[in-house]
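Step one of this worksheet: look at the structure below.
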């Protein structure tokens, strides 16, 4: 390569030589772009013609033209018959924006979000909300999923119905009728990313920022996060052994979030009288009830508690279900049952805000339900969890010598143990070092003044053989961390 | 079964006989529940003892007790040593809530959502945004997915990192460095449900309702829907051949949404001068730029346009990418690249608002990228789309006799054809009857007064052999529907 005899070509040639991992075209493009951005090539100045440049740099004219074209496309040059002219870039701009005040631009609402500890992989012992994933019939699932992909081929790769795959909606409607006493049409069912997207959709459909949502006190942090991030004001409604009790002194809500079949985390069942009162209150005040039915399939005595939405006709209730607890969490398939009155009017929003997707997984799940595997898996897990719960009760009785009371004992995947006078947040932090991940009961409360301290112990994915050792470890930590 | 001799037992016995598809326990439970709800059994009245009821109905005492227990659990009875007593339910409540005024409770913001036509399955011709799904290497994908499920087993069924699977974040960071000139760390990458969840997360992290978002005019409806549902005010910033141009008369934005590499739907490239001006404007005004890089991998002349976020250091830019266009839409995997300054501060919100999930799919995708299949598929699709686009240009030239101008011709999966004086919304509605689903250009505008009419023609999933016939059909419809 000849050394050109003026500064511009000297600079170009040096740069081309120094960038030898790249194509000549890219080297030329990058070199010219930097020269323009740094002002070495002045705005409005003309570049030499491509023929001249090619000769002086001893490279092909096509290479020069391709680089110049790219620069013109990106707006660094303007090219016309007369040649290539450097574009005027803004005179002054900051090449480093590290002065941007990030914390000032973060939404102040984020501060109100309940703190969430990272999820561990693999899950630690006692982590609430994780089912017995090693009991899931994975080989069967792999076969169903692969069958769908093989049989349906590329047709399941495109966009689907934003409300979810029709066969899954039909299968869910049928299952709900059989197992939850819910009579609904598949058109009322909207498939969501777990139950959480259902909560988000309720806020988008039925509320505007600044309105009030009632949540259970103590209650599920996921719903609170969703309401806070939607700009709603939260009011905690205290829960006792009959569930949440309407407090007419609170600001009237637009949304009422409740887990009536097995309150999370106290386990209480919303009583018939309270249910009817809540339904009537919602009707009279134009509020909507969001019924979270997250683990009602796992009831260990008697029949499952019927869903609230079936108690009166046309109840103002949006029902949320999920397969995260009954199958496995990373499936991320949940669903909502819209009341008939909302089905039509919610269509435009569902089309605008949801995208469907995960179509093969949804179709595999539809087959899993229709072929009876779902009902069988539920029955097996009900037996497993019943046994694990009894064993955890026993371990608590034998190993937890500190005074405590056990709640949430009629079903589900967790027991809640109230223990007075402990710093449960610190306890939980330290427990992680022992591979234990219970939740701190006090963090389920909005108002720290009402908060009970204690531990929420998930036994879904924890083998009973580990209970005694784990409870003893907790007992030791409690003994070290009694307040005062 | 003996007929009991008083009205209560007569009623019970009749009901038990009439419900013979059910267990006796369930029949008794349902009958008593209905009698309580309808007031036939009065509040505070005592039921006969379980021994008496069992004798009089000739059923087992265990059956009676189980039914009474269930009723007590649900709050219809209270049981103690003295017996079972009917609970007082609310005196008056509406058994039918069909009087609830649904439209009054729907969020008024929903009215502002851009109307979206349903997605068709299988996709119709010319539907924008659908890639060539029948060219996706599905057998290879099935193998990778099944390998992950087989090798990783139940460990991928639990909750994962809410920011997404680490191997996928690493693979994306590596791909971005090679193909998009983006230097970032895998910790900056957050996996999202397509690009849309990325837009939602930006609104939650960086804005509060009532603030302003700038969007391109015309522009992508998905972003507008997300901003509207988050309670932001939209300002449309007109787009010309150099992309969106800052208008300092508009209310200052909190978020600026732009598709700088290939503006949707006009196809213009945001010029270097405009990029720098926009970055500087954002820096000075504390605004954040949301860079939607939806189809920049498919550039047909020269190299892909570099991403905006690399132009200055610490740019106040959140970069959004998606695999919906490069692989297949129902995968629903997208990602955001956070600026380093946001990585730490966004953690709590990401943990509170996202759930991770779809872990096997994410890990299969990581392998797909790392093993080189992604780069190969991109190259093959770039060739296919370049050819299809050239063929569509040709078909338009030969078959579309009405005066028109073609935009967005440098890459991507669509061409935009501006045609003056047509009712494009009605045209598109009628085109569906011919199995054609272009989008109406005018619907991409916020302000109908500025709107150009025309058609956005997606060729990603439409075989070139159908172009001529399809354009002729559109030409006929246009001839029928010229305005005025």
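Residue numbers (the working numbering), protein chains in the order written: chain E, 1 to 484; chain W, 485 to 968.
All C-beta atoms, glycine included, are put in the ideal place defined by N, C-alpha and C.
- Distances from the CA of residue 266 (chain E) to each of E:216, E:50, E:388, E:202 were compared; the closest alpha carbon is that of E:216.
- In chain order, 195, 198, 292, 336 place their CB closer than 6 angstroms to the CB of residue 320 (chain E), counting only its own chain and leaving out the 5 sequence neighbours on each side.
- DSSP, read as helix, strand or coil, puts residue 495 (chain W) in helix.
- Taking residue 170 (chain E) as the centre and dropping the five residues before and after it, the same chain places the C-beta of 186 closer than 6 angstroms to its C-beta, in chain order.
- When C-beta distances to chain W are compared with 8 angstroms, the residues of the segment 310-321 of chain E below that value are 312, 313, 314, 315, 316, in chain order.
- No Cβ of chain W is located within less than 9 angstroms of the beta carbon of residue 265 (chain E).
- In this structure, the beta-carbon distance from residue 598 (chain W) to residue 352 (chain E) falls below 9 angstroms.
- Straight through space, the alpha carbons of residue 381 (chain E) and residue 503 (chain W) are spaced by roughly 30 angstroms.
- Under the Cβ distance rule, residue 787 (chain W) counts among the residues neighbouring chain E, one pair being separated by less than 9 angstroms.
- Apart from the 5 residues on each side of it in sequence, residue 442 (chain E) sits with its Cβ closer than 6 angstroms to the Cβ of 424, 451, 453 in its chain, given in chain order.
- At least 9 angstroms separates the beta-carbon of residue 629 (chain W) from that of residue 946 (chain W).
- Taking each of E:481, E:148, E:473, E:219 in turn and checking the Cα distance to residue 420 (chain E), the smallest one comes out for E:481.
- In the structure shown, the three-state DSSP call for residue 174 (chain E) is helix.
- Excluding sequence positions up to five before and after residue 538 (chain W), its CB lies within less than 7 angstroms of the CB of 544, 545, 548, all in the same chain and listed in chain order.
- The C-beta separation of residue 193 (chain E) from residue 677 (chain W) comes to about 6 angstroms, placing the pair in contact by the 8 angstroms criterion.
- In the three-state reduction of the DSSP assignment, residue 336 (chain E) falls in the strand class, which pools E and B.
- Of the other Cβ atoms in all chains shown, fewer than 16 fall within 10 Å of the Cβ of residue 240 (chain E); this residue is therefore exposed.
- Within chain E, the residues whose beta carbon sits less than 9 angstroms from that of residue 643 (chain W) are 119, 120, 121, 123, 127, 129, 130, 324, 329, 330, listed in sequence order.
- Contact check for residue 673 (chain W) against residue 822 (chain W) passes: the beta carbons are separated by less than 9 angstroms.
- Straight through space, the alpha carbons of residue 686 (chain W) and residue 769 (chain W) are spaced by roughly 17 angstroms.
- Residue 613 (chain W) is a Cβ neighbour of residue 942 (chain W), given a cutoff of 9 angstroms.
- One alpha carbon belongs to residue 313 (chain E), the other to residue 276 (chain E), and they sit about 12 angstroms apart.
- Between residue 377 (chain E) and residue 227 (chain E), the gap from beta carbon to beta carbon reaches 9 angstroms or more.
- Burial is judged here by how many other beta carbons sit within 10 angstroms of a residue's own beta carbon; residue 871 (chain W) has fewer than 16 and is exposed.
- Neighbours of residue 193 (chain E) in chain W, taken as residues at a C-beta separation under 7 angstroms, are given in chain order as 677.
- Per DSSP, the beta-bridge partners of residue 722 (chain W) are W:701.
- Taking a cut-off of 8 angstroms for Cβ pairs, the segment 465-474 of chain E and the segment 386-406 of chain E touch, as three or more such pairs fall below it.
- At least 9 angstroms separates the beta-carbon of residue 856 (chain W) from that of residue 331 (chain E).
- Among the CB atoms of chain W, one or more fall inside 9 angstroms of the CB of residue 280 (chain E).
- At a cut-off of 9 angstroms between beta carbons, residue 413 (chain E) makes no contact with chain W.
- For the segment 581-600 of chain W, the set of positions with a beta-carbon nearer than 8 angstroms to some beta-carbon of chain E reads 581, 582, 583, 584, 585, 586, 587, 588, 589, 590, 591, 592, 593, 594, 597, 598, 599, 600 in chain order.
- Rounded to whole angstroms, the gap between the alpha carbons of residue 243 (chain E) and residue 571 (chain W) is 15 angstroms.
- Taking C-beta atoms as the reference points, residue 315 (chain E) and residue 279 (chain E) count as a pair closer than 9 angstroms.
- In this structure, residue 207 (chain E) keeps its C-beta atom at 9 angstroms or more from the C-beta atom of residue 140 (chain E).
- Listed along chain E are 209, 231, each with a C-beta nearer than 7 angstroms to that of residue 693 (chain W).
- The beta carbon of residue 919 (chain W) lies closer than 7 angstroms to those of 608, 609 in the same chain, with the five residues before and after it left out.
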